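Okay, structure first, notes after.
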Amino acid sequence: MSITNMPTSNDACLSIVHSLMCHRQGAESETFAKRAIESLVKKLKEKKDELDSLITAITTNGAHPSKCVTIQRTLDGRLQVAGRKGFPHVIYTRLWRWPDLHKNELKHVKYCQFAFDLKCDNVCVNPYHYDRVVSPGIDLSSLTLTSTATSLGLMVKDEYDFDGQPQLPPMDGGHSLQTIQHPPSSRVVPPSEPFSTAGLLPLTDARTTSAFPSISVGSGTPDYWCSTAYFEMDVQVGETFKVPSTCPVVTVDGYVDPSGGDRFCLGQLSNVHRTEAIERARLHIGKGIQLECKGEGDVWVRCHSDHAVFVQSYYLDREAGRAPGDAVHKIYPSVFDLHQCHRQMQQQAATAQAAAAAQAASIAGNISGPGSVGGIAPAISLSAAAGIGVDDLRRLCILRMSFVKGWGPDYPRTSIKETPCWIEIHLHRALQLLDEVLHTMPIADPQPLD
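Going by the UniProt record's numbering, the first residue of the sequence shown is number 1, and it counts up by one from there.
And the structure:
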């Protein structure tokens, strides 16, 4: 292979792999990416025309037409690479095109003869034979993030297996919940409209405007900006740790020697019911995380641990274009935005108030039949909106983070309450604003906070 030319199928596997590695998007570890590419190149070594098609597609970023690149379909449709299993077309499309791709977002192009969903004996894994299908209202610019800041220490590893091998969350299933890994790029400024996302903007960019009133400052700043409770499975361990507003930065780690009000050491907490599995997980919390309150109440996080931190955050759901509660997120530098939270409180409370009024009018007979505006079908959705409770709004003010272990359909654990060690963070300024919103608008009875 010459220096100026791309490799061909006649070159050594090592040369081809090296060239294709240069085009990966960076979300996967180098070890996994190399094994995935090596496996594919070896499978294609006897199909030189397809290997050349792959090389052309990847090295030109799809600028030139390319043929199907096929591997044999397995019994369950999934491919195992380095102890990780996933749909083959998803693995390679994530590797070379969209690192944050969800498995349900791919649609094959018309000329692909061996697309995954055609159920052929062979499966096409050419990343440029698939298009990404994005739900309406989601800005593509926010869905094509790539990692450019690994030197900042913000990237996290895959869920840790205590035998020393990383595990891939299985990518099968028809679940809407997913694990999303957010690259540590600049902060995403929240948009003014609900359930859409903005592109990446620098931290210093002006905030978006809103039809709702801005945050009032008359209520003053709370004495504590957050309170953090530590859990093992579904049991709280130790006292709730409150962080004074005078300490905007707090560390939550696995050590035993707290040095003041800005450090919550989980290693010192005892639990007579602690299992061996929980004990092993706690050993890997290490330096843990650093939470920082910026401005009036935005919250950022930095992962200092060697292993992943998994976050449940409505802010991150929205930034990823997902419905609230629809995803579990790997670490991201910003995890909470006070202005966005306040707007969402006001929007949901106003929706609930309007829906309750419309529902009352419907019961009183002031709304006409199903064919008219406000008929039976609208009344059904109004009923759902009217059911927004206080706890639905409280969820906007709460962050949950699991150390080391993830949860959701991609993992053996369906709930964060099944993870060995996790924390729940209540953000006091956001709760203070919620109290103000609730005093101005009637809300339905609270529902249980699961």
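Ideal Cβ positions, reconstructed from N, Cα and C, are used throughout, including at glycine. From a predicted model like this one, the values you see are computed outputs, not experimental measurements.
Under the three-state reduction of DSSP, which class applies to residue i: helix, strand or coil?
i: Gln-432; result: helix
i: Gln-113; result: coil
i: Val-17; result: helix
i: Arg-302; result: strand
i: Leu-399; result: strand
i: Ser-270; result: coil
i: Ile-285; result: coil
i: Lys-34; result: helix
i: Tyr-411; result: coil
i: Arg-97; result: coil
i: Glu-319; result: helix
i: Val-41; result: helix
i: His-439; result: helix
i: Ala-358; result: helix
i: Ala-63; result: coil
i: Thr-275; result: coil
i: Thr-221; result: coil
To which residues does DSSP link residue i through a beta bridge?
i: Thr-251; result: Arg-263, Gln-290
i: Cys-22; result: Note: Cys-22 sits in no beta bridge, so no partner.
i: Leu-118; result: According to DSSP, which records beta bridges pairwise, Leu-118 is partnered with nothing at all.
i: Cys-226; result: Val-243, Leu-427
i: Trp-422; result: Phe-231, Ser-402
i: Asp-11; result: Asp-11 is not bridged to any residue.
i: Leu-106; result: Arg-132
i: Gly-86; result: Leu-79
i: Phe-336; result: Val-299
i: Gln-236; result: Phe-231
i: Cys-341; result: The partner list for Cys-341 (beta bridge, DSSP) is empty, contrary to what the question assumes.
i: Val-123; result: Ile-71
How about residue i and residue j: are their beta carbons less than 7 Å apart?
i: Ile-55; j: Met-6; result: yes
i: Lys-242; j: Tyr-224; result: yes
i: Ala-281; j: Pro-420; result: yes
i: Val-81; j: Arg-35; result: yes
i: Arg-73; j: Val-123; result: yes
i: Ile-289; j: Val-309; result: yes
i: Cys-226; j: Ile-425; result: yes
i: Asp-262; j: Asp-298; result: no
i: His-129; j: His-102; result: no
i: Leu-283; j: Val-237; result: no
i: Trp-96; j: Pro-127; result: yes
i: Leu-20; j: Ile-71; result: no
i: His-342; j: Leu-427; result: no
i: Leu-438; j: Cys-397; result: no
i: Val-125; j: Glu-105; result: no
i: Pro-222; j: Arg-429; result: yes
i: Asp-52; j: Ser-15; result: no
i: Gly-286; j: Ser-313; result: no
i: Phe-264; j: Trp-422; result: no
i: residue 455; j: Leu-291; result: The question about residue 455 has no answer here: the residues shown for the chain are numbered 1 through 450.
i: Met-345; j: Leu-399; result: no
i: Val-404; j: His-339; result: no
Around the C-beta of residue i, are 16 or more other C-beta atoms found within 10 angstroms, so that it is buried, or is it exposed?
i: Ser-415; result: exposed
i: Glu-50; result: buried
i: Thr-31; result: exposed
i: residue 493; result: Residue 493 cannot be examined here, being either before or after the span of the chain that is shown, 1 to 450.
i: Asp-410; result: buried
i: Ala-12; result: exposed
i: Ala-355; result: buried
i: Lys-48; result: exposed
i: Gly-260; result: exposed
i: Gly-220; result: exposed
i: Gly-86; result: buried
i: Ala-63; result: exposed
i: Glu-279; result: exposed
i: Gly-137; result: At Gly-137 the pLDDT is 39, less than 50, meaning the model places this residue with poor confidence and gives no usable figure here.
i: Cys-22; result: exposed
i: Gly-408; result: buried
i: Ile-363; result: exposed
i: Pro-88; result: buried
Could you check where the alpha helix (DSSP H) with residue i kicks off and where it finishes?
i: Thr-70; result: No alpha helix (DSSP H) contains Thr-70, which is instead part of the beta strand (DSSP E) from 70-72.
i: Leu-79; result: It is not in any alpha helix (DSSP H) - Leu-79 instead sits in the beta strand (DSSP E) that spans 79-81.
i: Asp-392; result: 390-394
i: Asp-52; result: 48-59
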